[in-house]
Amino acid sequence: MFSKKTKLLLILFAGIFLFGSCKIYRFRDVSIPAEVKTVRVQYIENRAPYVNPQLSPQLTDRLRQKINNQTRLTQIQGDEADYDIRAEVTGYNVTTSGVSDQQASTNRLIVTVNVIFKNRLDDTKSFEAPVSRNFDFSASLSLEQAQAQLLPTILQNMVDEIFNRIFSNW
4 MFSKKTKLLL ILFAGIFLFG SCKIYRFRDV SIPAEVKTVR VQYIENRAPY VNPQLSPQLT
64 DRLRQKINNQ TRLTQIQGDE ADYDIRAEVT GYNVTTSGVS DQQASTNRLI VTVNVIFKNR
124 LDDTKSFEAP VSRNFDFSAS LSLEQAQAQL LPTILQNMVD EIFNRIFSNW
């Protein structure tokens, strides 16, 4: 019915149409009103009973980087910022999450950050809320070993959670 050449052209056009109509969706629903121009990200204090000395400075730096890279806001240090972000690590706890043969096989590190967001242009959008994530690791590792392995994941996940809580419309 169709020649080989016609079939090949049909397949080629169908492929171009299918791939050309595909759209890459990103979960970046950052919603910032046009009148908001500035943000202040205060240093994230560590007030947890157990303190990982690397967590606060790196968490602060990564959050500042993410805001700089994914928003149009100018970061300032003064009290006159349109958005003021303050946070503190309030929880850094280890629990047993998995037991095998009556011994712990998996431990869970629970990291909690209390976020205080002040919207100086619309106070109804201001909030204070905890952001918490769990990070599992083998019980055969010491906490220090687990922290060394988990820190990049902790930073990425906590920064994403804080950022999304403030800037996303989910």
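Numbered per my numbering, the sequence shown spans residues 4 to 173.
Glycine included, C-beta positions come from ideal geometry on N, C-alpha and C.
It should be emphasised that the depicted structure is a prediction, and the values quoted were computed from it without experimental measurement.
Query raised in the report: With burial defined as no fewer than 16 other Cβ atoms inside 10 Å of the residue's Cβ, what is the status of Thr156: buried or exposed?
Result: Indexing the sequence shown from 1 puts residue 156 at position 153. Burial call: exposed.
Query raised in the report: Are the Cβ atoms of Ser34 and Ser171 separated by less than 9 angstroms?
Result: Sequence index remark: in the sequence shown, residue 34 carries index 31 (1-based). Sequence index remark: in the sequence shown, residue 171 carries index 168 (1-based). Against a cut-off of 9 angstroms, the Cβ pair of Ser171 and Ser34 comes out as a contact.
Report task. Give the DSSP bridge partners of Pro133, in chain order. Result -> Counting from 1 along the sequence shown, the entry for residue 133 is found at position 130. BP columns for Pro133 point to Asn117.
Query raised in the report: Contact between the segment 105-118 and the segment 156-169: three or more CB pairs below 8 angstroms?
Result: yes
**Report entry** Proximity winner among Gly94, Thr93, Leu76 and Leu62, relative to Asp87 (alpha-carbon distances)
**Finding:** Within the sequence shown, residue 87 is the residue found at index 84, counting from 1. When each option's Cα is compared against that of Asp87, the closest is Leu76.
Query raised in the report: So is Leu124 buried or exposed if we call it buried at 16+ other beta carbons inside 10 Å?
Result: Numbered from its first residue, the sequence shown carries residue 124 at position 121. Its Cβ having fewer than 16 others within 10 Å, Leu124 is exposed.
Query raised in the report: How big is the Cα-Cα spacing for Asn55 and Ala149?
Result: Here residue 55 refers to the residue found at position 52 of the sequence shown. Here residue 149 refers to the residue found at position 146 of the sequence shown. Going by the C-alpha atoms only, they are around 12 angstroms apart.
**Report entry** Where Asn122 sits in the DSSP three-state scheme
**Finding:** For the purposes of this step, residue 122 is taken as the residue at position 119 of the sequence shown. DSSP places Asn122 in strand when its eight states are reduced to three.
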